[in-house]
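Notes to accompany the following structure.
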Amino acid sequence: MISYRYDPNDPVPTLGGAELYDPKGPMDQRSIENRPDVVLFTSEALEQPLEVVGSLKVKLWASSDAPDTDFTAKLCDVYPDGRSILVADGIIRACHRNSFEKRELLESGKIYEFEIDLWDTAILFSKGHKIRVVISSSNAPRFEPNPNTGKPSGLDDETRIATNTIYFSKEYPSCIILPVVSP
Numbered sequence: 797m798i799s800y801r802y803d804p805n806d807p808v809p810t811l812g813g814a815e816l817y818d819p820k821g822p823m824d825q826r827s828i829e830n831r832p833d834v835v836l837f838t839s840e841a842l843e844q845p846l847e848v849v850g851s852l853k854v855k856l857w858a859s860s861d862a863p864d865t866d867f868t869a870k871l872c873d874v875y876p877d878g879r880s881i882l883v884a885d886g887i888i889r890a891c892h893r894n895s896f897e898k899r900e901l902l903e904s905g906k907i908y909e910f911e912i913d914l915w916d917t918a919i920l921f922s923k924g925h926k927i928r929v930v931i932s933s934s935n936a937p938r939f940e941p942n943p944n945t946g947k948p949s950g951l952d953d954e955t956r957i958a959t960n961t962i963y964f965s966k967e968y969p970s971c972i973i974l975p976v977v978s979p
C-alpha cells in the first residue's frame, strides 16, 4: 500500500489532455509526476509493440481518512528518453462511486473499490516504451478540487487535507484494464 496527502488548496495542476484551453493534448507529465501527492506505477520497457484499442478503466482499491475525496488516474506513454506523454485521464468522486444520484460518504480507513473511466482510446505503445499509470486525487482546473469535507460540491468554503491510501495485493487487486489488440 501507498499513502499520500491530498490538499485541495494545492491541487495537482492539469497539464494537457482533452481540453478546450491551453495547454491541451498529449503533454509531457514529468513536471507534475514528482509531487508527493502523485503515485506512479510504471511497467518495464516493452519488448514488442502493444496496440490498445477501446475502453480504458482503472480499478482502484483505496481508503481515505476524509468523508469524501477524489481519485484521479492517467495513462501515460513513457518514451525511452524519459518523456511521460499523457494518453488518457479520468476521475471518480468517492461519494459517487456507486451512483451519481445518491451520495455515499466514506468511513475513515475503510477500504473501497473504485472504478475510474479513462474513456476510449486507440494507441500503439512502441517497443522500448513503458506504460505508466499515475494516481492522485486532483487534476485542476480540468476537475474541480474536492474539499474532502463530505459536503455537496460548491456549498462549502472549508477544506481539509485527506490522507488517501492505495492498496495493491492479492486481496485488493488494483489494476488498469487495457483492451489489447492481438498482434
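Offset between the sequence shown (1-based) and the numbering used here: plus 796.
Virtual Cβ for every residue (Gly too), placed ideally from N, Cα, C.
Return the chain-ordered list of same chain residues with a C-beta closer than 7 angstroms to the C-beta of residue i, the five sequence neighbours on each side being excluded.
i: L846; result: F921 and V976
i: P937; result: T810
i: V849; result: A918, P975 and V977
i: C924; result: The displayed chain sequence assigns Gly, not Cys, to residue 924. Contacts found: A841, L842 and P876.
So residue i is in the alpha helix (DSSP H); what residue range does that whole segment cover?
i: E829; result: R826 to E829
Distance check for residue j and residue i, CA to CA, integer angstroms please.
i: S949; j: N942; result: 7 angstroms
i: D866; j: R893; result: 10 angstroms
i: V808; j: E897; result: 27 angstroms
i: I828; j: V834; result: 8 angstroms
i: D873; j: K926; result: 6 angstroms
i: S860; j: S933; result: 11 angstroms
i: T945; j: E954; result: 7 angstroms
i: Y802; j: R956; result: 9 angstroms
i: R889; j: A858; result: 12 angstroms
How would you write the range of the beta strand (DSSP E) that residue i sits in, first residue to last?
i: A858; result: L846 to S860
i: C891; result: Premise fails: C891 is in no beta strand (DSSP E) and is neither H nor E.
i: R801; result: I798 to Y802
i: Y963; result: A958 to Y963
i: R928; result: K926 to S932
i: L871; result: D866 to V874
i: T991; result: Lying outside 797 to 979, the shown extent of the chain, residue 991 is not represented and no answer is given.
i: V835; result: V835 to T838
Enumerate in chain order the residues of its own chain whose CB-to-CB distance from residue i is below 6 angstroms, with the five nearest sequence positions on each side excluded.
i: F964; result: S970
i: D885; result: G813 and K870
i: E909; result: W857
Can you tell me whether residue i is buried or exposed? The criterion is at least 16 other CB atoms within 10 Å of its CB, across all chains shown.
i: W915; result: exposed
i: I798; result: exposed
i: L901; result: exposed
i: N805; result: exposed
i: Y817; result: exposed
i: A841; result: exposed
i: G878; result: exposed
i: I973; result: exposed
i: L951; result: exposed
i: Q825; result: buried
i: S880; result: buried
i: N960; result: buried
Consider the C-beta atom of residue i and the heavy atoms of the ligand ATP; say whether any pair is separated by less than 7 angstroms.
i: C971; result: The ligand ATP is absent from the structure shown, which contains no ligands of any kind.
In this structure, what does DSSP give as the bridge partners for residue i?
i: Y908; result: A858
i: G821; result: G813
i: F921; result: L846
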